[in-house]
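For reference, the structure is listed below as structure tokens.
There are 2 protein chains.
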Amino acid sequence: MSAGNDHSPLSFTDLSRLVLPQSIVLVGASEKPDSIGGRTLENLTKYSEFTGALHLVNPGRTEIHGRPCVASVLDLKEAPDLAILAVRADTVLDTLRDCGKIGVKFAIVFTSGFGETGEAGRAVEARMREIAHSTGMRIYGPNCPGLNNMNARLGLTFSPAWRIDRRPGPIGVATQGGGLGRSFIQSMDRGVGIGLWCSGGNEVDLEVSDFIHYMADAPDIKVIVTTLEGVRNGPRFMAAALHAARRGKPIVAIKVGKSEYGARAAQSHTAAIAGSAEINTAVFRELGIIEVDDIDELIDVASLLSRATPTGREQLAVYSFSGGTAALASDMVGTAGLKLAEFAPETIAALKKALPGYAAVDNPVDVTAEVLVNSEVSYATLKATASDPNTDLVMVPIPVEYGQTTVLLGESLVKVQGEVTTPIVPVWMSDRTGEGHRTMIDGGLMPMRAIGNTVLAVKRFIEYGRWRAEFDQAWLPLGAVGEAKTTANLSEARTKALLEAAGIPVPEGVVARSADEAAQAFRDVANGKAVMKIVSPAITHKTDIGGVCLGIASESNAKAAFEAIHANGCKACAPGEIEGVLVEPMLPSPFVEAVVGIHRDPVFGHICTFGLGGVSIELFKDVSRRLLPLTPKSARQMIAETRCYELLNGHRGQPACDIDALVDALVKLSDFVVRHASQVDELEINPLAVRPQGQGVTALDAVLSYQGMEPSQW
Amino acid sequence: MSAGNDHSPLSFTDLSRLVLPQSIVLVGASEKPDSIGGRTLENLTKYSEFTGALHLVNPGRTEIHGRPCVASVLDLKEAPDLAILAVRADTVLDTLRDCGKIGVKFAIVFTSGFGETGEAGRAVEARMREIAHSTGMRIYGPNCPGLNNMNARLGLTFSPAWRIDRRPGPIGVATQGGGLGRSFIQSMDRGVGIGLWCSGGNEVDLEVSDFIHYMADAPDIKVIVTTLEGVRNGPRFMAAALHAARRGKPIVAIKVGKSEYGARAAQSHTAAIAGSAEINTAVFRELGIIEVDDIDELIDVASLLSRATPTGREQLAVYSFSGGTAALASDMVGTAGLKLAEFAPETIAALKKALPGYAAVDNPVDVTAEVLVNSEVSYATLKATASDPNTDLVMVPIPVEYGQTTVLLGESLVKVQGEVTTPIVPVWMSDRTGEGHRTMIDGGLMPMRAIGNTVLAVKRFIEYGRWRAEFDQAWLPLGAVGEAKTTANLSEARTKALLEAAGIPVPEGVVARSADEAAQAFRDVANGKAVMKIVSPAITHKTDIGGVCLGIASESNAKAAFEAIHANGCKACAPGEIEGVLVEPMLPSPFVEAVVGIHRDPVFGHICTFGLGGVSIELFKDVSRRLLPLTPKSARQMIAETRCYELLNGHRGQPACDIDALVDALVKLSDFVVRHASQVDELEINPLAVRPQGQGVTALDAVLSYQGMEPSQW
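Which chain is which? The protein sequence lines are A and B, in order. Under this note's numbering, the first residue of the first sequence is numbered 1, with each subsequent residue one higher. Under this note's numbering, the first residue of the second sequence is numbered 1001, with each subsequent residue one higher.
So this is what it looks like as structure tokens:
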């Protein structure tokens, strides 16, 4: 079978014959104009440009609207590429079986009443999945609005809106849930061109990841848009996203479930697990997926990316006919950390020539409203602005519908955009629209709705450009997903031994089993002062139970400390669980305390979290995250993107820290976890002392949680 | 003279006869339909409902459109309340003089070509101001679009848009600059009702503060909206804002100039000094002014406040016909820190009764699209939701234009809103509009444009309610504005002496002038360990020049430290500038280091800044600010609103700090500066040690910058 049959986790079926089939069978075809089957038939025949074979199935009809109709899929002479099921819920399974039997490649199931209604429905869905697995036929749905291929003008949908959704273009949309997807589709009325919309409903088989992967290869799609309530299969999602990244196609995404309310609502809506919002955001960011918060933001960013490809170094020009508006827009550009271009002398000369003395010819340009009644002036000044060699994007905030003035401005905008490649982005700020607004939409300029929206979209556009410039094509996430089913924790001393073997510096320590051994250890390892700590896998908060002594300065101190720590330990756990008392030299100041943790995320696999200890993490949540494996480059990036990076760089007269050694330790830690991915659930070094340049790092405390075999047998 | 003549800084002229004059003279009246004078005449006669006397002045006409016309203002038999000047720039001054001479109360000057064109224009404006001062006639403009009184249907404007700006209502708008003002006005097309728009152009006399003050008293205005590029007179602005606050009228504001770009652009546009954005934001917040960033946000917040008055305890319901949309909206409600209402049992019962089993009847409500084709169901479910006793606001996100479905929903929304007081806020998310959208607008529901916008508006609405509940009607800001013209800094020792006299604890210290005196001081004050510091008003960074020794443990230590510190001091300044070396006992741990600074802001007067030392301030800018005078309540609030507050409250096993003593110290510091407001430019305590509960606070270091007399003579 050419399509389908490949359900291995990281491979993807070619969906070309789903998106653009050569032959279709509509099961449940009807002549009733208001029925699902009737509307679908109308969409296929009247409002699509489908030239392939269309078969109709309806047990009660021999022809519909003059087209032949058979009673069953089994009556077809050849297997169509695609079956569309517009049938009652209780006949879906049989119909799917018939389709699979004759070799149909894809089936779209509109019918609802399955997983979304409860346990019984989910059982039926499991049987659909079995049919897909056993026959190789891929299933789209059930409970879905169909698939809209605007670029081929093929509506595999029952929606009456299909006939008016007529603005093809380079954006592909893959959604979970139809409402938000259709909300995006209606941005066509803002001039946004959309080529394909896939919304696989309950996703019993094909899911968002499959469509992202397809769109990454589709030559007519340049930008991919998705809305997600939960990522069902992290590794497949990451694989699809990386495929798009390698093909140079940006993905813009909304992921519901950042708050408890959202996670709960998403779960009750699609039964998808929302996952941790912080992890999700970090993973999206690492994969170059542009995460946004709302549908209008999705539209803004996608429309911008459909017009231009960012480099990450963009500088803006602001052009307006209102001084206050120009000032507000410039202000928001600055607040967002974006850059206004410094105009070249020839730009300023051209603006001066065209404008009266009281207009502002510097960036921001305020041509004043009086001037815009002359379309030659608006053309000349816009052309000069958009042709400025230092300007990469022109923002044109328009505060008001202003009759003929805004019509002429719209015409100039469209004309100039036809002559320059620098994107010109009008911002129609007013609730009053009119002919000027329409002119910009018809001219393909996709006006945005507010300055703030525009600045945010441009910021994300530029950030994506920066990510793209840095993207490592060869990198693959580890993807060792699954629940953390921790068998046991490893004691500090044994964890440190593993770290040392992995190449990460730890203090030279000895586990003493008696007071005398502690005294001996003090002689052997302490260089003046020692620290002593209880060693037991059963005790995680050593300080809380009196299991830590600092500043041990003599052998007798060491003996006394052993007795005290051991006694406290015996109160906290069974004596048999105590491995002894660790004696280590105290690390001399100065050093900065970092925290490095790796944990197994059930959706995406192992994630490394980095931050500096103390209030930065606790109060300000100043951490960065990366999927494993880390590379020297990504490790350095994750250190640099915390706000506390400044402290490592030598803050206020302190010596600069050994960042090279920190990078090295992070990579070695990552390598260690990669080697033992199936066992390691969590590994934390807290603190990891980062010493002055040239003096390296030292893991002062560490704990490992693992599943399966004892680490000694790894 | 009844109106005008009062130019003292904190009093305000009654503007009733400007906003609704009983008689008007239009100078420069014209029959040419496209001239300023012609359009104004048309607006006054054809598109206004003005019943007072209207006089026309034009030296070349004896009548216009059948109305008598005189050659000069001086030919009028009585002084009209208002003169409108639609005359050439070179005749404005003479006309204003004539108006003042006959006793006109107010003059609106449309004419441009003054301050905005440069130095010469600013000189003419100074003469306008002289006329206002000498005659008592108040001037509005020049270079302004006029004044629109929608509630009285009186257009004192030449704008051709006046005839279509026809949605009166409870919002009053006072703007600097016309473009952003008109952008707001056009929100009428979203259903927002606006009663009055004042935009005083170059503001030679009347300015935004005057209109805010007027609107605070105006019975037809409930919400005040303003856009500002700079606050010209801080005390008048604060007085107007407090007047509005006492009258219970919220002010929603945009202030341009948060970034360097914006400050620069605003300055070149209106020549207003933008001021510090952080200070501005803090002052607005303290005065209850709701600061927003963009025009759409201004519209969202103002429209919400025009519909309801918040208590600060609002809980939301989310009602949608799309599960994904309901989930996204709930998510954003949660992310913003807002609360979803827990429905009462009767609400859930009513929803269950009306809806099929697969609909979600919990909050968020997802009625599903199928259901909404039945308007009885949409009415019943909306009514149940909006009547829920725990719900204070219903958000209805509508992802798509959906033909008859959204029309029926719109009708149900309007009907239910007519029956309940709980505000129902539709969110029309789609770029496609239609009859449903129109139904909501016509029904007064002012649909918002995105979920994010709505959540942000509701958050600000609730926060304002919280501020309002806490507002201290009696409080008045000190308002000792002016440039900081520092004469000198005071040394640490002398600053501490002032603090001690003001009731703020300082360490018991002695200024030693020799090594022997240092040894004696060690005996007298050090309780085991001492700290020694150079004392000189010329040295601000003592540590940097080797002017500080910690942990002095003996008299001989103290002697040696004196010699070293003194020698280092002599390298950093003239020996005559050294007052000696301060010897103080070292404060025993534990304590938390706070930073308290008061500085004179040129616009608003003295401001107190509070934060905790270290990375919280330096990297995370975690500070709070208040105008002086502080009260015990406001001091406690400013401490509590820092994120570091948690540390003072006893973080991770540390003892809770003496917050009562900290509050007391802040208030005493404020009282001290209030007593010496004309002298104190800046006073900083850094660090202020906050010790465990019951042990008080201690100012460990402090410096004062003053102007005028020596503090010893205060």
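Every residue gets a Cβ at the ideal spot worked out from N, C-alpha and C, and that includes glycine. Source: prediction; values computed, not measured.
Less than 7 Å between C-beta atoms, sequence neighbours within five positions excluded: which residues of the same chain meet that for residue i?
i	result
residue 76 (chain A)	25, 55, 70, 102
residue 390 (chain A)	315, 341, 342, 343, 344
residue 1689 (chain B)	1587, 1591, 1593, 1697, 1698, 1700
residue 1193 (chain B)	1167, 1168, 1169, 1170, 1171, 1306
residue 1731 (chain B)	Because chain B in this structure spans residues 1001 to 1714, residue 1731 (chain B) falls outside the shown range and cannot be described.
For residue i, which of helix, strand or coil comes out of DSSP?
i	result
residue 469 (chain A)	helix
residue 237 (chain A)	helix
residue 699 (chain A)	strand
residue 686 (chain A)	strand
residue 482 (chain A)	coil
residue 599 (chain A)	strand
residue 960 (chain B)	Residue 960 (chain B) lies beyond the range of chain B shown here (1001 to 1714); nothing can be said about it.
residue 228 (chain A)	strand
residue 442 (chain A)	helix
residue 307 (chain A)	coil
residue 610 (chain A)	strand
residue 358 (chain A)	coil
residue 1278 (chain B)	helix
residue 1339 (chain B)	coil
So residue i and residue j are in contact, right, with Cβ under 8 Å, and what is the actual spacing, rounded?
i	j	result
residue 1537 (chain B)	residue 1488 (chain B)	6 Å
residue 1294 (chain B)	residue 451 (chain A)	5 Å
residue 1534 (chain B)	residue 1565 (chain B)	5 Å
residue 94 (chain A)	residue 22 (chain A)	Rounded, the Cβ-Cβ distance is 25 Å, inconsistent with contact.
residue 359 (chain A)	residue 368 (chain A)	5 Å
residue 681 (chain A)	residue 707 (chain A)	6 Å
Ignore the nearest five residues each way along the sequence and tell me which others in residue i's own chain have a CB closer than 6 Å to its CB.
i	result
residue 178 (chain A)	145, 199
residue 1214 (chain B)	1015
residue 1311 (chain B)	1465
residue 1354 (chain B)	1377, 1380, 1381
residue 211 (chain A)	174, 198
residue 1238 (chain B)	1477
At least one CB of chain D closer than 8 Å to the CB of residue i: is that the case?
i	result
residue 1260 (chain B)	The chain inventory of the structure shown lacks chain D, comprising the protein chains A and B.
Leaving out the 5 sequence neighbours to the left and right, which residues in its chain are closer than 8 Å to residue i when beta-carbon positions are compared?
i	result
residue 1508 (chain B)	1525, 1584, 1585
residue 1639 (chain B)	1610, 1624, 1645, 1648, 1659, 1662, 1663, 1666
Item to check | Near-chain A residues of the stretch 1400-1426 of chain B (beta-carbon distance less than 9 Å), N- to C-terminal order | outcome: 1400, 1401, 1402, 1403
Item to check | Length at least 3, wholly inside the stretch 41-108 of chain A: the beta strand (DSSP E) runs in chain order | outcome: 53-57, 67-70, 82-85
Item to check | Contact residues within the stretch 16-30 of chain A, judged by C-beta distance below 8 Å to chain B | outcome: none
Item to check | Members of the stretch 546-568 of chain A that neighbour chain B once the beta carbon cut-off is set at 7 Å | outcome: none
Checklist entry - What residues in the stretch 1303-1334 of chain B have a beta carbon less than 9 Å from any beta carbon of chain A? => result 1318, 1320, 1321, 1322, 1323, 1324, 1325, 1326, 1327, 1328, 1329, 1330, 1331, 1332, 1333, 1334
Next on the checklist: Going residue by residue through the stretch 163-216 of chain A, where are the continuous beta strand (DSSP E) segments of at least 3 residues, counting only ones entirely within it?
Outcome noted: 171-175, 194-199
Checklist entry - Which runs of the alpha helix (DSSP H), 4 residues or longer, sit entirely within the stretch 1497-1565 of chain B? => result 1515-1525
Checklist entry - Which residues, taken in chain order from the stretch 581-614 of chain A, show a beta carbon closer than 9 Å to some beta carbon of chain B? => result 612, 614
Checklist entry - Which of the residues in the stretch 426-447 of chain A, read from start to end, lie with their CB under 7 Å from any CB of chain B? => result 429, 430, 431, 432
Next on the checklist: Under 9 Å, CB to CB, which of the residues in the stretch 129-160 of chain A have a partner in chain B?
Outcome noted: 160
Checklist entry - Name the residues in the stretch 178-197 of chain A whose C-beta lies less than 7 Å from a C-beta of chain B; which are they? => result 179, 180, 182, 183, 186, 187, 189, 190
Checklist entry - Going along the stretch 278-292 of chain A in order, which residues come within less than 9 Å of chain B, judged by CB to CB distance? => result none
Item to check | Where the stretch 645-669 of chain A meets chain B: residues whose CB sits under 9 Å from a CB there | outcome: 646, 647, 651, 652, 653
Item to check | Contacting positions in the stretch 1235-1263 of chain B - beta carbon closer than 8 Å to chain A | outcome: 1254, 1256, 1257, 1258, 1259, 1260, 1261, 1262, 1263
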